[in-house]
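Structure first, then comments.
Protein chains: 4
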Amino acid sequence: MTTDFRTSTAEGKVNFVNVYDLEKAASLVIPTGAFGYISSGAGDMWTLEQNTKSFNHKVIAPGVLRNIENPDQSTTILGQKISTPIIMAPVAAHALANVQGEAATCKGVAESDTIYTVSSYAGQTYEEMRAASGDAPQWFQFYMSKNDDDNIKILDLAVKNGAKAIVLTADATVGGNREIDLRNGFTFPIAMPIVASYQSGVGQTMDAVYKSSRQNLSYKDIEFIQKHTNLPVFVKGVQTAEDAEAVIEAGADGVWVSNHGGRQLDGGRASFDSLQEVAEAVNKRVPIVFDSGIRRAQHVFKALASGADVVAIGRPVIYGLALGGSEGVKEVFDYFKNELKMVMQLAGTHNIEEIKNTKLRKNEYM
Amino acid sequence: MTTDFRTSTAEGKVNFVNVYDLEKAASLVIPTGAFGYISSGAGDMWTLEQNTKSFNHKVIAPGVLRNIENPDQSTTILGQKISTPIIMAPVAAHALANVQGEAATCKGVAESDTIYTVSSYAGQTYEEMRAASGDAPQWFQFYMSKNDDDNIKILDLAVKNGAKAIVLTADATVGGNREIDLRNGFTFPIAMPIVASYQSGVGQTMDAVYKSSRQNLSYKDIEFIQKHTNLPVFVKGVQTAEDAEAVIEAGADGVWVSNHGGRQLDGGRASFDSLQEVAEAVNKRVPIVFDSGIRRAQHVFKALASGADVVAIGRPVIYGLALGGSEGVKEVFDYFKNELKMVMQLAGTHNIEEIKNTKLRKNEYM
Amino acid sequence: MTTDFRTSTAEGKVNFVNVYDLEKAASLVIPTGAFGYISSGAGDMWTLEQNTKSFNHKVIAPGVLRNIENPDQSTTILGQKISTPIIMAPVAAHALANVQGEAATCKGVAESDTIYTVSSYAGQTYEEMRAASGDAPQWFQFYMSKNDDDNIKILDLAVKNGAKAIVLTADATVGGNREIDLRNGFTFPIAMPIVASYQSGVGQTMDAVYKSSRQNLSYKDIEFIQKHTNLPVFVKGVQTAEDAEAVIEAGADGVWVSNHGGRQLDGGRASFDSLQEVAEAVNKRVPIVFDSGIRRAQHVFKALASGADVVAIGRPVIYGLALGGSEGVKEVFDYFKNELKMVMQLAGTHNIEEIKNTKLRKNEYM
Amino acid sequence: MTTDFRTSTAEGKVNFVNVYDLEKAASLVIPTGAFGYISSGAGDMWTLEQNTKSFNHKVIAPGVLRNIENPDQSTTILGQKISTPIIMAPVAAHALANVQGEAATCKGVAESDTIYTVSSYAGQTYEEMRAASGDAPQWFQFYMSKNDDDNIKILDLAVKNGAKAIVLTADATVGGNREIDLRNGFTFPIAMPIVASYQSGVGQTMDAVYKSSRQNLSYKDIEFIQKHTNLPVFVKGVQTAEDAEAVIEAGADGVWVSNHGGRQLDGGRASFDSLQEVAEAVNKRVPIVFDSGIRRAQHVFKALASGADVVAIGRPVIYGLALGGSEGVKEVFDYFKNELKMVMQLAGTHNIEEIKNTKLRKNEYM
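As given, the protein sequences belong to chains B, E, Z and V, one line each in that order.
Numbering-wise (the numbering used here), the first sequence opens with residue 1 and increments by one.
Numbering-wise (the numbering used here), the second sequence opens with residue 367 and increments by one.
Numbering-wise (the numbering used here), the third sequence opens with residue 733 and increments by one.
Numbering-wise (the numbering used here), the fourth sequence opens with residue 1099 and increments by one.
Below, the structure is given as structure tokens:
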């Protein structure tokens, strides 16, 4: 289903010290255009950069002598128990990073005992991903068609393949100004079978791809999805108290705080800086997923302590995929789990609930 | 009308990714002294640098699911409908950047369906600029003579050529300490026909030019201009609530927030940092134009959301002029319009009014 | 007791201008792996870096004309008079830096007339260190065994060797993610005689070392130590008001504010930024020791003025040890004493009590 | 009176764009050790750097249309009219920078129609300086002897030579840790005739010099000086409201806010950051002189607008002296005067009184 695009075929153990190393190594095995697409952000990439830097806007003030030996990082979301509060974010076209594509990621995530979010813009069929995940939980990220008949068919496909939730991406109704893609002349080399009814994919810029999808998304789309799936709906891209209030009012079953990894609106607020405001507005009425900028377990800890129920990671997993296929994917989750275990031990927290009740300190000095 | 000064003769499509690229490319076709004059600022250029950096003092907190497909960026100022809230700032001597001079800029701006502000220190005659603008709207930026007879004649010329407003520049009664000009030994190579009655132009330093104009500007000059033109008067260079109050009290029809692109008083506040204070004082009594530091549509968005009705851009247009003549000028406006459309879509705003009602978030971390 | 590990054998005068010079020079005589272990911190080393930078979050506002000629920096802690409010922090395995190991450090510290804190992970026997200290005061830093019989024996050893206080390290129940050690493949080349009953040391990573010690430390351990030693117990690693309250409630005789030199939890607060909060909670009920990041006497001054009773230094002393053995150690204390005398004179403080009553100013600008 | 030390012999016009250029040029004509002594500061030189950077903690918010053409920067201090609010700070041993020494500086300052402050550590006799100043006003900066008979004789000398005020330096009762001097092995090559009764000068480190002077300065010294001179006394080195209150209470006739150009206590507050607090405490009871960090007229403006009555500059003048003798000195004052005139014009202030009444804006973003 790919063109003459060639990328990594790796499978096996990677060995890396941290995600920054992993990114550097991945840049050597993923072709320039594809790596640019995966790694870069919008405009001046200020928001992209702030996404990770902003975690230092709050600092952990550890607790000691709390009688902790083996902290428990398992948690539950929408009734689903998972081994860690870290799930796989929706990412388009994994075959940009590894010829094995989404199937390898699904396998690695399933072995990590957490949730895989299927992207509408995946390069493999839903059935391939479902098969690769075994009976591990999957959610479905939805880019709607302008045509509701298409949408019903796509949602049926998700239901048939056992999606446990639908994630409506609301922050990408047009492509961000990703200047690296412009400089590289990057177009998609990989078709998108799930949305093939309204989207060709191959040879298109990301901007064209986004514009082929429904742009005038509205609150009504939440109800539409619920009606046709009977599944809980997350709205992804919520960054303000007002929006949190509005989407809950409109019936959303979950709020996903994200700025799309800094890929959409440069000059927008760092995702972590938005989290607390959103969490206070949500006030535990629905679960909160958080993404954008996580590169370390301390970031996971800080997001949970700022109101997230689980977090999603994308780019780090794709780098693991590029370098080690399914095993690389699992290794990335293992890395985060090990580091999180250490952070929990050092911060003085026995379990996820205690992380959520931790009071971070504001750091005014940057 | 020029001396033996030689500069770009370009006309045609430019192709650029962003304004920073454009500036770099322009630096290669504009002679060093002229480029230094155009691009640089006063003193340590701290205020110049802050002008653009300060836009990150506030961040956009986007809204989602707002049912937006094709946001409308047209707006109206002083009853004039324009295609975008971005107008052309007054800039001296366009022939420093392109031998075609102001006429090419006028043409490009007119084709962009927005307002061109004629500079008193233009290198072409008013009639040439009027002709090049066709029936597109023009405003006239006024550096007064020490002699009121001159002033009346200049204002008559503006009225005769259809100026829709007079912009009284109040922040340049002496030249800023532009050290790059000193280092380059830069003097003006281009005469100034509009103000020829009191100003020779050719061979002078910018400081000498400013000092030849009226230095002891006062509130009474607002009324003087109104009396002799029956046109609305903007005071350009307002940066405080006190001044906004004072010039409105003195009869000004509009307030133009600017620090002259960081070219006058280094150590002064970034223009964007002044905007909100001024807007609160103005409280919608008169329209507000904003300039200084805009390099991206997100900056335009943030200025409008902080109280500006329209913004003006200068240097980016001059760089487009240098590289592509009238077509380059239009391309710069197209660039800003396209980016603004994207920003509006992603921020969740249907039109300019909604931008104005957007609540930016303060970013305390720099 | 060492493997084939080779390091500095220096003894004698060092001569250095400041601690940064000293660190650079030490990096040339200590083998790479050992220097990495000594000098580095956890994760991105952000907290490590903030530890020293954070002293600029408060600035000294000096007093003049206070009739000062020869300020007195002697002080008393737990009834022990010492020549300076600067003591030796517990540091593992001094023989990484100098073959003379802890004995040389003990000698230099004793000659400096201040307190030496014996590390559980010392590379020499308690008796060797006791002998080298002469009758100068020692404290004992305790990493507990999982087995209480071991603990009782180790505490007996400390009592027998005249420890004046026990320092229970509470912030290292697992190793921080010290990536430099991973990159260097660093393992301990030096055995740990004091904890030999539960810990082998040689050939282990630091993480393995920490995990061999008791991980599930709890408030009860304070009482356990008191009961078996009749000595005052400091809890080391307190960083919040809550923890200060809790350990005092649990019977602690002193609070040691530290983030373990930035070696444990990256993304945690700079130690100096935690001090004031802790000091306010302690409210003089028990003495406070402070460490992490001190490289200058002005840092000592600021820590005392923010609530510490004494401060501890570690790495600077180890660098002095590497370069000059016991004489180098004494030279480091002399350096700090001389600089502190100067700072006291210039700040307008006659003695330690006046430093403690000095009101630093907050510096909001970093 | 000098040893075999050789330095610049320049006299004549310098030509420079700004003070940073001047410093660079001066570094080429002043021997390394002497240049290090003149230009450097204490410790990490953080406070030195902050001294100039801190001026950006407040920004000028200009006023327009204020009918200004030729702003008047003359002012009066202690009844003395001067051409500009910028005076010469006390600086030791001008012959480090130019063989002509203080006499040339005196001449240049006198021609600039402002005040020269004679340093106790001058390398020429009081009479030489008095002669070179003609009838231009001089103040005398006093480093007291440990012996009051010496002090009376020195004060008599100042009175006899027409000093209009005595400046008691209170912030240098010991030398700061000037590490550049240590690295350069710098000792004074120039004798100090004014204080020859208690100080040899030649061959001594600065630290030795300071320690030869009286260290235990106290409030009583103010009265002592007043009694023996009948002259107004400034206390130099005041940085807090408490000290301002205390020295006024003790009878001081003026307060000199300074941190000795960042040469004494590193980690102390930037001098400009201290000014407002002091000015509010003084509340116009006595005049305020400000120094430390001024390199531009905008800094002068900001200091006056923050409570200073006049400011003093040191290093820039010494650089002018090095490069152009008395003419270079005058050129530096001309540079500041010209720039200040421009700043006053652009800020919208007719005179010094209006500068003092200007409301700067706080800049929270650094």
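Cβ atoms here follow ideal geometry from the backbone N, Cα and C, with glycine treated the same way.
Exercise for review: If I'm right that F552 (chain E) touches Y403 (chain E) with Cβ under 8 Å, what's the distance once you round it to whole angstroms?
Suggested key: 5 Å
Review point. Of all the CB atoms in chain B, is at least one closer than 7 Å to the CB of T368 (chain E)?
Key: Residue confidence for T368 (chain E) is low, a pLDDT of 45 falling below 50, so the modelled location carries little weight and cannot support an answer.
Review point. In chain V, which residues lie less than 8 Å from S584 (chain E) when you measure between Cβ atoms?
Key: L1163, R1164, N1165
Review point. Quick one, which of E:R549, E:K725, E:V676, E:E697 has its alpha-carbon nearest S440 (chain E)'s?
Key: E:V676
Practice item. Please compile the residues from chain Z whose C-beta is within a distance smaller than 7 Å of the C-beta of S1372 (chain V). Key: A793
Check your understanding: Do S624 (chain E) and K593 (chain E) come within 7 Å of each other at the CB atom, strictly closer than that value?
Key -> no
Practice item. Please work out which residues of its chain come closer than 6 Å, Cβ to Cβ, to A427 (chain E), disregarding the five sequence neighbours upstream and downstream, and give them in chain order. Key: R727
Practice item. Let me know if S1424 (chain V) comes out buried or exposed under the rule of 16 or more other beta-carbons within 10 Å of its beta-carbon. Key: buried
Check your understanding: Under the rule that 16 or more other beta-carbon atoms within 10 Å means buried, what is K526 (chain E), buried or exposed?
Key -> exposed
Point to revise | Opening and closing residue of the beta strand (DSSP E) in which T76 (chain B) lies | key: 75–77
Point to revise | D1305 (chain V) CB to nearest heavy atom of the ligand MN below 6 Å | key: In the structure shown, the ligand MN is absent, as is every other ligand, since no ligand is present at all.
Review point. In whole angstroms, what is the alpha-carbon distance linking I1416 (chain V) and E1378 (chain V)?
Key: 32 Å
Practice item. Report all residues from its chain with a CB closer than 7 Å to the CB of A500 (chain E); omit the five preceding and five following residues, and keep chain order. Key: Note on identity: in this sequence residue 500 (chain E) is Gly, with Ala being the wrong assignment. The answer, listed in chain order, is A476.
Point to revise | Chain-ordered neighbours of N1154 (chain V) on chain E, where CB pairs are closer than 8 Å | key: W412, G633
Check your understanding: Is DSSP giving N717 (chain E) helix, strand or coil here?
Key -> strand
Check your understanding: Is there contact between the segment 1400–1414 of chain V and the segment 1171–1188 of chain V, where contact requires at least three CB pairs shorter than 8 Å?
Key -> yes
Check your understanding: Checking contacts by CB at 7 Å: is Y731 (chain E) closer than that to chain B?
Key -> yes
Point to revise | 3-residue-minimum beta strand (DSSP E) runs that sit fully inside the segment 1326–1401 of chain V, ordered along the chain | key: 1331–1336, 1352–1355, 1386–1388
Practice item. Kindly indicate which residue of Z:V1061, Z:T846, Z:A835 has the alpha-carbon position closest to the one of Y858 (chain Z). Key: Z:A835
Review point. Since A408 (chain E) and V395 (chain E) are thought to touch, with beta carbons under 8 Å apart, how far apart are those beta carbons, to the nearest angstrom?
Key: No, A408 (chain E) and V395 (chain E) are not in contact; Cβ-Cβ is about 25 Å, not under 8 Å.
Exercise for review: Could you tell me if K424 (chain E) is buried or exposed, where buried requires 16 or more neighbouring beta carbons within 10 angstroms of its beta carbon?
Suggested key: buried
Review point. Where in the segment 789–853 of chain Z do unbroken runs of the alpha helix (DSSP H), each at least 4 residues long, occur, reported from the N-terminal end onward?
Key: 833–843
Review point. CA-CA distance, Q504 (chain E) and P456 (chain E)?
Key: 11 Å
Check your understanding: By how many angstroms is the C-alpha of T961 (chain Z) removed from the C-alpha of D888 (chain Z)?
Key -> 7 Å
Review point. Would you report the Cα separation of A1229 (chain V) and P1291 (chain V), rounded to the nearest angstrom?
Key: 16 Å
Exercise for review: Please classify E720 (chain E): is it buried, with 16 or more other beta-carbons within 10 angstroms of its beta-carbon, or exposed?
Suggested key: buried
Check your understanding: Do you know whose CA, among Z:F787, Z:H1082, Z:Y1067, Z:V1032, lies nearest W1144 (chain V)'s CA?
Key -> Z:F787
Check your understanding: Taking a cut of 9 Å between CB atoms, which residues from the segment 837–849 of chain Z lie near chain B?
Key -> none
Check your understanding: For V1427 (chain V), which residues from the same chain have a beta carbon less than 7 Å from its beta carbon, with the 5 sequence-adjacent residues on both sides left out?
Key -> A1202, T1203, G1206, V1207, V1415, G1418, L1419
Exercise for review: Go through its chain and collect everything with a Cβ distance to N513 (chain E)'s Cβ below 7 Å, but skip five positions before and after it.
Suggested key: Y564
Practice item. Give the range of the beta strand (DSSP E) segment to which V1409 (chain V) is assigned. Key: 1408–1411
Exercise for review: With DSSP as the reference, label K728 (chain E) as helix, strand or coil.
Suggested key: strand
Point to revise | Own chain, CB closer than 6 Å to V332 (chain B), minus 5 neighbours either side, in chain order | key: P316, V317, G320
Practice item. Whole angstroms is fine: what's the gap from T398 (chain E)'s alpha carbon to S485 (chain E)'s? Key: 22 Å
Review point. Are the segment 1354–1373 of chain V and the segment 1272–1281 of chain V in contact at 8 Å, needing three or more beta carbon pairs?
Key: yes
Review point. Which whole-angstrom value describes the C-beta separation of A303 (chain B) and F272 (chain B), a residue pair presumed to lie in contact below a C-beta threshold of 8 Å?
Key: 7 Å
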